[in-house]
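Visitor: Right, I'll just put the structure down here and ask away after.
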Amino acid sequence: MTTRVPADPLAGLVTALRAGTDAEVRFDAGSRGAYSTDGSNYRQVPLGVVVPRTVEAGARAVELCARFDVPVLSRGGGTSLAGQTTNAAVVIDWSKHCDALVSVDPAARTCVVEPGIVLDELNRLLAGHRLQFGPKPSTHSHCALGGMIGNNSCGASAQAYGKTVDNVRRLEVLTYDGLRMWVGPTSRAERARIAAGGGRRAELYDGLDRIVAEYLADIRHGYPKIPRRVSGYNLDSLIPENGLDVAKALVGSEGTLVTVLHAELDLVPVPPYESLLVLGYDDICRAADDVPHLLEHCSPGQLEALDGRMAQLMREEHAYLDSLRALPEADSWLLVQFTGDSQDDVDGQAHALLQAIGRSEKDSSVAFSDDPGREHKMLRAREAGLGVTARPPDDRETWEGWEDSAVPPERLGEYLRGLKGLFEEFGYDHPSLYGHFGQGCVHTRIPFGMKTADGVADFRRFLERAADLVASYGGSLSGEHGDGQARGELLTRMFGERLVGAFGELKALFDPGNRMNPGKVVDPQPVDGQLRLGAEWRPATHDTHFGYPEDGHSFTRAVLRCVGIGNCRGLHGDVMCPSYRATREEEHSTRGRARLLFEMLDGHPDSAIEDGWRSTEVRDALDLCLACKGCKSDCPTGVDMATYKAEFLAHHYAGRPRPAAHYSMGWLPVWARLAEHAPGLANSALHAPGLGGFGKRLAGVDGARRPPVFAERSFVRWWRALGTGQPDPADPATVVLWPDTFSNHFHPSAAMSAVRVLEDAGFRVAVPDTPVCCGLTWISTGQLATAKRVLRRALRVMRPYLEAGTPVIGLEPSCTAVLRSDAPELLPGDQDVQRLARQTRTFAEQLVHHAPTGWQPPFLARQATVQTHCHQHAIMKFDADRELMRRARLDADVLDEGCCGLAGNFGFERGHHEVSMAVGELGVLPAVRAAAPGSLVLADGFSCRTQIEQGGTGRRALHLAEALALALDGPLPSDRPERLARRPADPSGTARWAATAVAGTLAATAALGAVRRLRRP
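For what it's worth, my numbering labels the leading residue of the sequence shown as 533, then goes sequentially.
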């Protein structure tokens, strides 16, 4: 059992760590809260967090923890599903700095890595050698090699390459008592040298010999002979026929025996060719029955399965629909991937299997592909399993706990029927069944009742019954995710008392004081202890501004969407999470923030966060959230951190002063309307020497940012000057152009261009006579009561159009996203806001889906580098824009580089500039710099255009409407075509200095008057 560390030794440890290690030492409440759980059902608040900058610093941290007798937990990506990476210990997070590929030997096909390197990053670095690390779990974009070694991870590719243990050659390890050594296979000669050397190492090897000798028969007969046995310690790697391989024995030990400092890994060639055969079945059990038959006739690289329940969930969640459409007609599927040295080879393997099993590519239940893009779509459906099944649309929360059992493949069908029987007995209706069926490994998430005493009791009884079931089939409690706390207590049901006793002896040999990740595997905490929820979890209830309609109108349930998958820690592709990519900090990932919000709910008495909505720790974690909404679409469970941030800020600052930026940028629409009366004066003042800097400091704007320039004439004033009158709202050709603050006051050319193109397409454009605003800037700064008032005012103005069903065209993606998503959540009972959400369309959606038959956009016929606004990526999607660009004959390179980094007010706020630019430099800004001079740079978002212009790219981005409007006038110039677009000019130097002089004169006059008043008797 874990022992509590007295406060004084802990204080001494903190001092020693800060003085004696090159590491970030964090024992603050925010860090402890962010690391309080992983991807499992379990929660333990750590003592503190150490983030070593070097492997040597990490080893030194372990040494100091040992000096103070404090438990240690090594952590990589923190994705463990069995509770391995949550403990009342000092967490050593290797993932931020200790992530190097130390060396590669292409000829030997080996490499040496540090424990924090992410699998996808490793394989990216190896790509030039056409090599890769074979095992590939579904968390490959963010799992660390150290964690894979700790868990003995597998993934779909283990069908071809085996588990992590099969691909580890040597390990450099550190014991808690300070022995540092490289371990691997041990020959008799080396064993003799170790014995002759004496000391702690000889003591360890003598102990290993003793354990093997005592339990040899038990090991040989007690370990299931199946491909996916991950439960228990790998004592079978120590027996004579396996070469006393200490490295392999330590793989999968979950940080309970040693700390891994370096690993020498075996590598495999990247297969040059692949093909995929998908076989449909009317039932997942029948699919499982067919697995042995298939394996008799082929040796696939992968043999995966998914069932109809998962497909149903995908349809209900509108997720991975492209993947589903690629699958053949059936209720369950086996996906069989072949690899080889030629296309003929992989195609031939697939066709040979079809012939052997009496099926044809022409069957409706068969799909074959040797197109990598289509294969990727099909496999994504299977890889998405955890996220899709975590939060079903029927509001049943599902949980891990029995999510990766494994049996011999030839008994898989029988086992599934038995498991389904258990589901029925316990009332766990129809959980999805999927997984690595070629190796007999089954994934599922079960709707355990984790919030009530009866539910937790049933959870425990189910696990005990399921453990007995899998053992009766000669299987393993875990086929991939390890034991941790979820299965440690159940190991005797699989291995028996003697082998579990041997595990205890191994633990005592390496870690006699039980300081290495205590309470896991050996002397484990109970399976129903330290639960993240549990019968004693009592979170406070909260009145909120947002309605959270998809979460039962509960902020608490919304926060619980995060189940710890960790996709927000990915470093490439999609949008989520830009602040993590820039900082590599758990606290600045979507998951870390969700963890802190969970702790803030005050459901546990030992929570690190004690002051609720007033928490400075939560505020600081949310401060670097760009509110990009990337997580709303990219997170498998749909976490919407931008909304949670706005909610938190509303409560945090309720009844007290806010940061200056909330008043300056939060109220930007008001200041923009005031500046409309004298834009030249406003621009001169904002850019004036001295005066501009003083204004930025006063407004909470970062000094490194240039204020955007107000247009000389707003779009609405230009529109009124046309005097065209307003069309009938009921006219089918009428559309309302929403005059957002950015298109109205800063870049009116975008709105003017949209009018030209829409009219060219045959639409009659209307613009509201009275100012309207979506409330975006108030939402992003958490001024939600004001945002609601602004929205209600806009709804009154828009009522004639809403009643007539007139389409509302949004040009600024962030404002369009508010109208489609945020506004209905802020005013959930308002029918007009529901109408507005339904009637709001993007510019491209209107032209692609609703333009008169026969209309074609003007041809641009050139290349374009295109940045998608994050809110569009999350809410409206980009399909219509792609199609419109295709019709305009644009060769569009739509960037997959994530957020631009400006993100509305975020990049302008004081203290955010460095992170804002770091995010931009991760991909968007370099891609724009690399764009050909004659190509277009397109970005519909005002923030994206501003970041590109201020990011040292030498380019100016256009709204798609501007590019199309320019094409109406004829061919664009061959070099930097954006120069034709109208943009507000910076104020002249004379005007700027004049503003400074006027301000100085006024200040001096005021000061002189004050002095005279003070001198009066």
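Glycine included, every Cβ here is placed at the ideal spot set by N, Cα and C. Please read these numbers as outputs of a predicted model, since none were measured by experiment.
Could you compute how far the alpha carbon of THR1554 sits from the alpha carbon of VAL1053?
Guide: Only positions 533 to 1549 of the chain appear in the structure, and residue 1554 is not among them; the question remains open.
Visitor: Does the stretch 1449-1461 come close enough to the stretch 1479-1492 to have 3 or more Cβ pairs within less than 8 Å?
Guide: Touching, per the Cβ criterion.
Visitor: Got a sec? Which residues, its chain only, sit under 7 Å from LEU995 by beta carbon, not counting five neighbours each side?
Guide: Correct list, in chain order: GLY933, TRP934, LEU1022 and VAL1059.
Visitor: Within this structure, are the beta carbons of LEU1468 and ARG1419 separated by less than 8 Å?
Guide: In this structure, ARG1419 does not lie closer than 8 Å to LEU1468 by Cβ.
Visitor: With a CB to CB cut of under 6 Å and the five nearest residues on each side skipped, what residues in its chain are close to ILE751?
Guide: So the qualifying residues of the chain are LEU767, ASP768 and ILE771.
Visitor: Would you list the one or two residues that DSSP bridges to THR1397?
Guide: Paired residues: ASP1425 and VAL1469.
Visitor: Taking the straight line between their C-alpha atoms, what separation do you get for VAL778 and GLY716?
Guide: The alpha-carbon atoms of VAL778 and GLY716 are separated by roughly 5 Å.
Visitor: Flag this pair as yes or no: are the beta carbons of PHE900 and GLU806 separated by less than 8 Å?
Guide: No, the pair does not count as a contact, with Cβ atoms beyond the cut-off.
Visitor: Under a three-way DSSP split, which group does PRO1247 fall into?
Guide: Residue identity differs from the one stated: residue 1247 is Phe in this sequence, not Pro. Helix.
Visitor: Pick out whichever of PHE1295, ALA1369 and VAL1289 has its Cα sitting closest to the Cα of ALA1326.
Guide: Cα-wise, what sits closest to ALA1326 is ALA1369.
Visitor: For the stretch 606-672, list the alpha helix (DSSP H) runs that are entirely contained and at least 4 residues long, ordered along the chain.
Guide: Here the runs fully enclosed are 651-658.
Visitor: Going straight from the alpha carbon of ARG723 to that of HIS794, what length do you get?
Guide: Going from the Cα of ARG723 to the Cα of HIS794 covers about 22 Å.
Visitor: Taking 8 Å as the cut-off, decide whether the C-beta atoms of ASP879 and ASP902 are in contact.
Guide: Cβ atoms of ASP879 and ASP902: closer than 8 Å.
Visitor: GLU1149: which of ALA551, THR553, PHE559 and GLY552 sits nearest, CA to CA?
Guide: Comparing Cα positions, the closest option is PHE559.
Visitor: Please classify ASP1015 as buried or exposed, where buried requires at least 16 other C-beta atoms within 10 Å of its C-beta.
Guide: So ASP1015 ends up on the buried side.
Visitor: Per the contact definition of three or more C-beta pairs closer than 8 Å, is the stretch 612-623 in contact with the stretch 566-573?
Guide: The stretch 566-573 vs the stretch 612-623: in contact.
Visitor: Taking its Cβ as the centre, do 16 or more other Cβ atoms sit within 10 Å of PHE1226, making it buried, or is it exposed?
Guide: Per the 10 Å Cβ criterion, exposed.
Visitor: I'd like the ranges of any beta strand (DSSP E) spanning at least 3 consecutive residues and lying wholly in the stretch 1130-1157.
Guide: The qualifying runs do not exist here; there are none.
Visitor: Pull up the CB-CB distance for VAL974 and SER1010, whole angstroms please, since I reckon it's below 8 Å.
Guide: 11 Å between Cβ atoms; not a contact.
Visitor: When burial is assigned at 16 or more other CB atoms within 10 Å of the CB, is LEU549 buried or exposed?
Guide: Flag for LEU549 reads buried.
Visitor: Answer with buried or exposed for PHE1274, where buried requires no fewer than 16 other C-beta atoms within 10 angstroms of its C-beta.
Guide: So PHE1274 counts as buried.
Visitor: With DSSP run on the structure shown, which of helix, strand or coil describes ALA676?
Guide: Strand at ALA676.
Visitor: Apart from the five residues just before and just after TYR947, which ones in its own chain have a Cβ nearer than 6 Å to its Cβ?
Guide: For TYR947, where only same-chain residues beyond five positions count, the Cβ hits under 6 Å are VAL939 and TYR1005.
Visitor: With three or more beta-carbon pairs closer than 8 Å as the criterion, would you say the stretch 1214-1223 touches the stretch 1302-1321?
Guide: Too few Cβ pairs lie closer than 8 Å, so no.
Visitor: Apart from the five residues on each side of it in sequence, which residues of its chain come closer than 8 Å, Cβ to Cβ, to LEU1129?
Guide: For LEU1129, where only same-chain residues beyond five positions count, the Cβ hits under 8 Å are VAL1091, VAL1150, TYR1176 and PHE1180.
Visitor: Tell me which residue opens and which closes the beta strand (DSSP E) that LEU1065 is part of.
Guide: Per DSSP, LEU1065 belongs to no beta strand (DSSP E) and is neither H nor E.
Visitor: Whose CA, out of TYR737, PRO1519 and ARG949, lies closest to the CA of SER719?
Guide: When only C-alpha atoms are compared, the closest one is TYR737.
Visitor: Using only CA atoms, which one of HIS1279, THR1309, PRO1332 and ALA1293 lies nearest to ASP1301?
Guide: Per the Cα distances, PRO1332.
Visitor: To the nearest angstrom, report how far apart ASP1413 and HIS1491 are at their CA atoms.
Guide: One C-alpha to the other measures close to 11 Å.
Visitor: For LEU954 and ALA688, I'd like the C-alpha separation in whole angstroms.
Guide: Their Cα atoms are separated by approximately 26 Å.
Visitor: Please list, in chain order, all residues of the same chain as ALA1140 whose beta carbon is under 6 Å from its beta carbon, the five residues on each side excluded.
Guide: If we look at ALA1140 and ignore the five residues flanking it on each side, its Cβ neighbours are ALA561, ARG564, GLY565, VAL577 and GLU1131.
Visitor: For TRP934, does the three-state DSSP call read helix, strand or coil?
Guide: It is coil, neither helix nor strand.
Visitor: Helix or strand or just coil, what does DSSP make of THR1313?
Guide: Coil.
Visitor: I'd like the span of the alpha helix (DSSP H) that includes GLN1550, first residue to last.
Guide: Any property of residue 1550 remains undetermined from this structure, which presents the chain solely from 533 to 1549.
Visitor: What does ILE1341 pair with, by DSSP beta-bridge criteria?
Guide: According to DSSP, which records beta bridges pairwise, ILE1341 is partnered with LEU1269 and ARG1373.
Visitor: Straight-line CA distance for LEU654 to HIS1104?
Guide: Rounded to the nearest angstrom, the two C-alpha atoms are 13 Å apart.
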